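Worksheet for the structure shown next.
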Amino acid sequence: MKGYLLMLLVFPQIFFCSKKDTTIMLPEIQEVDLELVVDSVDIPWGMEFLPDGSMIYTEKEGMVYQVKEGKKQLLGTVPDVYYRGQGGLLDVKLHPDFQNNQKIYFSLSKNSPDGEGGNTAIVSAIFDGKELKDFNTIYQASPGSTKGYHFGSRIVFDDQGYIYFTIGDRGDHDQNPQDIKRDGGKVYRIHDDGRIPSDNPFADMEGAKTAIWSYGHRNQQGMAVHPDTREIWTNEHGPKGGDELNIIKKGANYGWPVITYGINYNGTIITDLKEKEGMEQPVYYWIPSIGPSGMCFVSSPKYPEWKGNILIGSLSFSYLERLIMDGTKVVKREKLFENIGRVRNVVQAPDGYIYVSVESKGIFKMMPK
Amino acid sequence: MWVKALILFNIFFIALWQTSELQKSISRGASVYEEFCVQCHKADGKGMKGNYPPLAGSDYLRDKRVESIKGVKYGQKGEIIVNGVKYNSIMAPMGLSNQEVADVMNYIMNSWGNKSDKIVTPEEVSKIEK
C-alpha cells in the first residue's frame, strides 16, 4: 500500500519531467501526400510565388533560385550576406504590387557596415523576370555582432502595405529585447521604401529605434497574417521549453527575458516569472520546445478539413505541426510527416496548394488525397 | 647528471604548457558550443537519437578525427553511423574560424567523459580541405 502511494506521488513528476511531448497526436488518417518539387537544397529558408505561378526560394548561403515548370535556375546572390551560425540569407517576400513595380524583399544577416560581425537587414531588389538587380538596404540593425545566433527573420506585408519583420535578440538578451533604444528582440514596421511610419508606437520617443512595433522577443522565425482577423501572428523560439505563439500588438512587450516558460539549455533558471503586469502572454507555448520555423494559416479550399488551422515547421523534432484552433485557443495538435527532416518553412501559395521546405531534402507540395 | 635533470625539467614544463593550452582552448570551446551546437547536440552532448547524433561517448568523434574536424569546419551532410545508429540530417556550415573549430573540437573531445590528450590546433584545422 505504501509503495502504491509512493508511486502515485512519484509518477506525475516523472511524467512532467520527461522530455516526451504528450499533447501531440499522430493523424488518424493521412489526408495529404507529398510531392517533391525541388530536390537537393541544403537550407531552403524563404519561399515566394510569382504571378506567373513560378516559385522563388532562398538558400541560406545567399543564393536566390526560381523554379519554373519544374526547372530550377539561379537568379543571383544577395550581396554582403554575413554567413555565420544561424545567419545567412533568410526570408523573401514580393511587394503586394509586384506586378507593377517588380519589387522583391529579402531578410538576411548582413556584414556590419561599421566594423566587426553582422546584424539583420532588410534589402529590396528589382526582379525584371530575368535577373535580380538594384539591391537596396532599407533597414540595417546595429551594432554588428559576431554572435552566431538569433537573427530572426521573417517578413510580411499587411493590407495597408506596411512591411513587418522580425529580428532576434542577437544572443544578447540582457541588453537588447527590453531596450527600445537598441535593435534586436523586436518586431519592426516600416514603409516599403524604409521610411518610418509616423504612427509607429515609439516614433516620437527620443533615442528610440523608431521602426519598432513590438518588443521583448527572443527569436521569431515564423510570421503570418490571420486570414480573417488580419492580425499578425508569430512563432518564437524560446530557450529550453517555452517556444511561443503570439499575436503581435502595437507597442506591446512580450516579456523576454523577464518572463518565460523556458529555462537555459544547461538547465539553469533564467527567471522565476512566467507572467507579469504589462507583459503579454503567448496564445500558446510549447514544452518541450519544437524549434518552430515558418508558419501559415490554412484558408485554401484545397484542404477543407484543415480550414482555419495553423501549420508550423518543427526543426527540432523533424515534423510539420498542425494546430487546430478555436479562435485564439489551440484545441488539438497533430504531427504530420513524422521524421521528414528539419522543417524550415511552410507557405500557402496563391494557387491554393501548401508548400513545405525541409533542410537537406528540398521543397514539397502537399497534395490532398 | 644535471643535463638529464634539465631535460626532465624541460619535458615537465612543455607538458604543463600543453595542458594549460588545452585547458584554455577547451574553455573557449565551451562558449562556441553554447552558441552554435547546444540546441541540437544538447547540454549533455547526447543529441537526439535518430535526428542529431550524440557527441558524448561517440565512436565517430573518437575514431574519425579528420572527418569530425571537417564536419565542424565545412558542415556535415549525408549518411553517417554513430554508435551503430544511422543519421542522415544536415549540419549547415557555421562559418567558424580555424581557432573556433579547434576550440570547440577540444571541448567536445574532452567533455561528458570523452578524453583526448592530443590537442587540435588551428594549424591542423587549416590543413583540412573540403
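As they're listed, the protein sequences go chains A and B. Here the first sequence is numbered in this note's numbering, starting from 13 and rising by one per residue. Here the second sequence is numbered in this note's numbering, starting from 97 and rising by one per residue. All C-beta atoms, glycine included, are put in the ideal place defined by N, C-alpha and C. These numbers come from a predicted model, not from an experiment.
Verify the CB distance criterion: does residue i have a CB-CB separation below 8 angstroms to chain A?
i	result
G191/B	yes
K173/B	yes
E131/B	yes
A126/B	no
S185/B	yes
A198/B	no
A152/B	no
A101/B	no
N147/B	yes
V134/B	yes
A111/B	no
Assuming residue i is part of the beta strand (DSSP E), what are its boundary residues?
i	result
C308/A	P304 to F309
A133/A	G130 to F139
L323/A	I322 to S326
G374/A	G374 to P380
D338/A	Y331 to D338
I224/A	I224 to Y227
Q360/A	V355 to Q360
W318/A	Neither: W318/A is in no beta strand (DSSP E) and is coded neither H nor E.
Y296/A	Y296 to W298
Is residue i close to chain B, meaning its C-beta is less than 8 angstroms from at least one C-beta of that chain?
i	result
R96/A	yes
Y273/A	no
G72/A	Position check: residue 72/A holds Lys in this sequence, whereas Gly was assumed. Answer yes: the Cβ-Cβ gap between K72/A and chain B drops below 8 angstroms somewhere.
S30/A	Here the model assigns S30/A a pLDDT of 43, short of 50, so the residue's position is not dependable, and the following value carries that caveat. So no, S30/A is outside the interface.
E243/A	no
F27/A	Low local confidence applies: a pLDDT of 40 at F27/A is under 50, so the model's placement there is unreliable, with the coordinate-based value given in what follows. False, the Cβ-Cβ gap to chain B never drops below 8 angstroms.
V22/A	Interpretation of V22/A is limited by its pLDDT of 41, a score under 50 that renders its predicted location unreliable; the figure taken from the coordinates is listed afterwards. For V22/A, the answer is no, since every Cβ of chain B falls outside 8 angstroms of its Cβ.
Y69/A	no
I324/A	no
K159/A	yes
R383/A	For chain A, the structure presents residues 13 to 381; residue 383/A sits outside this window and is missing.
D54/A	yes
S165/A	no
E43/A	no
E287/A	no
E333/A	no
D372/A	Here the sequence assigns Ser to residue 372/A, which means Asp is not the residue at that position. Taking Cβ atoms only, chain B reaches closer than 8 angstroms to S372/A, which makes this a yes.
G353/A	yes
Are the CB atoms of residue j and residue i within a distance shorter than 8 angstroms?
i	j	result
A198/B	S121/B	yes
N265/A	R182/A	no
V93/A	K122/A	yes
I68/A	Y151/A	no
G164/A	S119/A	yes
N194/B	P150/B	no
I175/A	Y117/A	yes
S207/B	G141/B	yes
L327/A	V355/A	yes
Q49/A	V79/A	Checking the sequence, you will find Val at residue 49/A rather than Gln. For V49/A and V79/A, yes; Cβs fall inside 8 angstroms.
L102/A	W57/A	yes
P213/A	K262/A	yes
M75/A	I375/A	no
W298/A	H185/A	no
L285/A	I271/A	yes
I5/A	W225/A	A query on residue 5/A cannot be resolved here, the shown segment of chain A reaching from 13 to 381 and no further.
V221/B	I165/B	yes
Does residue i come out as helix, strand or coil in the three-state DSSP assignment?
i	result
E163/B	helix
V270/A	coil
F132/B	helix
S369/A	strand
K100/B	helix
V53/A	coil
Y151/A	strand
F23/A	Bear in mind that the predicted position of F23/A carries a pLDDT of just 42, short of 50, making it too unreliable to give a figure here.
G125/B	helix
K173/B	strand
E346/A	strand
K288/A	coil
G15/A	Here the model assigns G15/A a pLDDT of 45, short of 50, so the residue's position is not dependable, and the following value carries that caveat. If DSSP states are grouped into helix, strand and coil, G15/A belongs with the helices.
F105/B	helix
D33/A	coil
L62/A	coil
L157/B	helix
F28/A	The predicted model places F28/A with a pLDDT of 40, which falls under 50 and marks its position as unreliable; any figure quoted below should be read in that light. In the structure shown, F28/A sits in a helix (DSSP, three-state: H, G or I).
If you follow the alpha helix (DSSP H) that residue i is in, where does it begin and where does it stop?
i	result
E220/B	P218 to S222
Does any residue of chain C have a CB that is nearer than 8 angstroms to the CB of residue i?
i	result
G279/A	Protein chains A and B are contained in the structure displayed, whereas chain C is not.
Task: In chain order, each alpha helix (DSSP H) run of at least 4 residues that lies wholly inside the stretch 70 to 133 of chain A - done: Counting only runs of 4 or more, we get 110 to 113.
TODO: Only counting runs of 3 or more residues, tell me where the beta strand (DSSP E) segments fall wholly within the stretch 175 to 215 of chain B, in order along the chain.
DONE: Entirely contained in the stretch 175 to 215 of chain B, the beta strand (DSSP E) runs reaching 3 residues are, in chain order, 176 to 178 and 181 to 183.
- [ ] Report the residue ranges of all beta strand (DSSP E) runs contained in full by the stretch 234 to 272 of chain A; include only those spanning at least 3 residues, in chain order.
- [x] Given a length threshold of 3 residues, each whole run of the beta strand (DSSP E) inside the stretch 234 to 272 of chain A is given here in chain order: 244 to 248 and 255 to 260.
TODO: Could you name each continuous alpha helix (DSSP H) segment of 4 residues or more that falls completely within the stretch 153 to 206 of chain A, going from the start of the chain to the end?
DONE: Within the stretch 153 to 206 of chain A, no complete alpha helix (DSSP H) run reaches 4 residues.
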